[in-house]
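Residue numbers (UniProt numbering): 1 to 641.
Where is the CB? At the ideal position from N, CA and C, for every residue including glycine.
What follows is one structure encoded as structure tokens, with my remarks underneath.
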């Protein structure tokens, strides 16, 4: 048993052989590597059936709450069943090396985001918010320590309760409770030491749910045609949080502020989010990714810099997709005094936005009350004709519209795939959700993804159903609603891992490493899933303690000759929550190296056989990060005493 979940080794229940082995071990105690007791999960395996039932019944009592758990000593045991029983399936418990533990970082790093560090960012240009883009540390600047959770950290609330509640100790910031008190973003409940998110916002005083209902009266949010959305300048991501009940999955992003951790609040709530900003680089998403884009008083100057920011929204917006704008300058005639701006200034801003939208060939569908909505064309046939008349902006020359890792922004229009007539949807029409998940993605149907055919896609989907079923048999909490919420797949390929978990109340950040041969992130979005590009030699644009579970299939093999393995594992430790789980799939030699490092990081771990048995070299490592926090500050200790 590792922190509440049972590792179930794939050994056939030959009880006579196992009982004989158990008695032999108990009598002789000839395990030369250690004289400590066997780990409990092995005792469960080796005991007679009746005893195992008794132990299982005993272990059904719930674990202590997280704030009572402290790091515990671990055992170092090697068992090899090969010489004792001829059974084909074997469990190997790799011996723990006596390596020195990786030290913990200072408490000041508890919210450290390496590539969005406030001090480092000040070295860069403040024009167009370039200083808030990714600026990662050099190799000699990398931390070689484990980022601590703040003292008093508690296990987050389960979804959907987490949408509305978070422990103050986990994100100890009250700034927004004061700055956004009128907008009703966050309320601090001091008597319970927690934060409440009422769902309010600057432009939705009646709550995000009512605001979304207003949008739903203008465009159809039901029926599955809108599945993926992006929220620019998301605040605490209430818009994305309340869209989840409508089966719409939103990628929310906002820059890291000096004091206000908006994205951190979003993640603590169990809502998908990344640290990000539209400045001088493309957003880390493929073209034609989102059905809907949204800005509610997001303070992005859409009409400035030749419309380059709105042009980037056009790149990631799907043919026929919607752009929703609320807040300044929409309805400036009514609100201009409250916004403390002149009529002329606001009118000029709205005119510039309208002009950029026209140059992108967007159609303005409606402006009603506080909301305006534009729609991107389903193809560029008419837009190409307008370009000949000088009514639209220049199309970008031949380049890769999906290339979006440190790629400079363009103010040219990303051309859509060609169509035969005006009735066709460029790139192919998508199925509605939930059929979209398992339908052959248009990018694959059209043969634009290197090495991926429709048959490969079908086989991959079935393979991951099998693999996830096996994962659940080893970690029986993976299928338990409420244990996990925020998941990360470090090398997602076609999104099969996420697709196999779609019936659980979880979301998966599907990462396509920039170093893979085939760029499949567009396929993942065409399945109605979300994700991002990432180079795992660098830190991810997220806060510490983001994910409940991290899955890594061949990610370490991919980066074997590119960067240090311990740096990748320390980054995983940074973004993994206390008592979070990890599943790593690699060659056995690679796993042994990985295990030696995570032992030094004081994770509990176990290497188990592949789902197809023990004969292949590929194995699995299941691990759990122990609960530990920074020590109490002296003033806290004095107060408690």
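Per-residue DSSP class, three states only, for residue i
| i | result |
| --- | --- |
| residue 290 | strand |
| residue 509 | strand |
| residue 79 | With a pLDDT of 27 at residue 79, under the threshold of 50, the predicted position of this residue should be treated as unreliable, though the coordinate-derived value follows. Reduced to three states, the DSSP call for residue 79 is coil. |
| residue 624 | strand |
| residue 365 | strand |
| residue 251 | strand |
| residue 371 | strand |
| residue 168 | coil |
| residue 557 | helix |
| residue 492 | coil |
| residue 442 | helix |
| residue 114 | helix |
| residue 414 | coil |
| residue 319 | strand |
| residue 580 | strand |
| residue 234 | coil |
| residue 383 | helix |
| residue 151 | coil |
| residue 48 | Its pLDDT being 35, under 50, residue 48 is placed unreliably in this model, and the value from its coordinates should be taken loosely. Three-state DSSP puts residue 48 in coil, outside helix and strand. |
| residue 603 | strand |
| residue 34 | Caution is warranted here: a pLDDT of 31 is assigned to residue 34, below 50, making its placement in the model unreliable, and no coordinate value can be reported. |
| residue 197 | coil |
Alpha-carbon to alpha-carbon, residue j and residue i
| i | j | result |
| --- | --- | --- |
| residue 224 | residue 525 | 14 angstroms |
| residue 464 | residue 470 | 10 angstroms |
| residue 252 | residue 609 | 38 angstroms |
| residue 365 | residue 357 | 12 angstroms |
| residue 361 | residue 392 | 7 angstroms |
| residue 523 | residue 460 | 13 angstroms |
| residue 222 | residue 436 | 14 angstroms |
| residue 556 | residue 495 | 18 angstroms |
| residue 192 | residue 277 | 34 angstroms |
| residue 75 | residue 619 | At residue 75, the pLDDT of 34 sits below 50, so the modelled position is not reliable; the number obtained from the coordinates is stated separately. Taking the straight line from one Cα to the other gives about 21 angstroms. |
Proximity below 9 angstroms, CB of residue i to CB of residue j
| i | j | result |
| --- | --- | --- |
| residue 120 | residue 135 | yes |
| residue 263 | residue 163 | no |
| residue 542 | residue 273 | yes |
| residue 110 | residue 149 | yes |
| residue 236 | residue 283 | no |
| residue 232 | residue 240 | no |
| residue 479 | residue 472 | yes |
| residue 230 | residue 292 | yes |
| residue 261 | residue 199 | no |
| residue 203 | residue 297 | yes |
| residue 116 | residue 318 | no |
| residue 511 | residue 491 | yes |
| residue 413 | residue 426 | no |
| residue 254 | residue 234 | yes |
| residue 103 | residue 144 | yes |
| residue 611 | residue 590 | no |
| residue 592 | residue 625 | no |
| residue 424 | residue 378 | yes |
Closest Cα partner of residue i within the set the options
| i | options | result |
| --- | --- | --- |
| residue 268 | 547, 602, 591, 555 | 547 |
| residue 155 | 323, 368, 576, 209 | 576 |
| residue 157 | 170, 151, 343, 150 | 170 |
| residue 353 | 324, 340, 241 | 324 |
| residue 281 | 483, 130, 299, 438 | 130 |
| residue 194 | 203, 137, 508, 174 | 174 |
| residue 506 | 484, 495, 496, 527 | 484 |
| residue 105 | 544, 556, 559 | 544 |
| residue 584 | 467, 413, 538 | 467 |
| residue 311 | 288, 297, 246, 255 | 288 |
| residue 516 | 527, 535, 438, 380 | 535 |
| residue 215 | 198, 294, 166 | 294 |
| residue 448 | 432, 402, 487, 433 | 402 |
| residue 370 | 383, 379, 335 | 335 |
| residue 630 | 118, 151, 139 | 151 |
| residue 306 | 275, 326, 349, 339 | 349 |
Exposed unless 16 or more other CB atoms sit within 10 angstroms - verdict on residue i
| i | result |
| --- | --- |
| residue 333 | exposed |
| residue 189 | exposed |
| residue 595 | buried |
| residue 399 | exposed |
| residue 442 | buried |
| residue 351 | exposed |
| residue 615 | exposed |
| residue 489 | buried |
is_contact[residue i, chain B] using C-beta, thresh 9 angstroms
| i | result |
| --- | --- |
| residue 613 | As a matter of chain content, chain B is missing from the structure shown, which is built from one protein chain. |
Residue i beta carbon near the ligand MN (any heavy atom closer than 8 angstroms)
| i | result |
| --- | --- |
| residue 553 | In the structure on display, the ligand MN does not appear, and there are no ligands present to speak of. |
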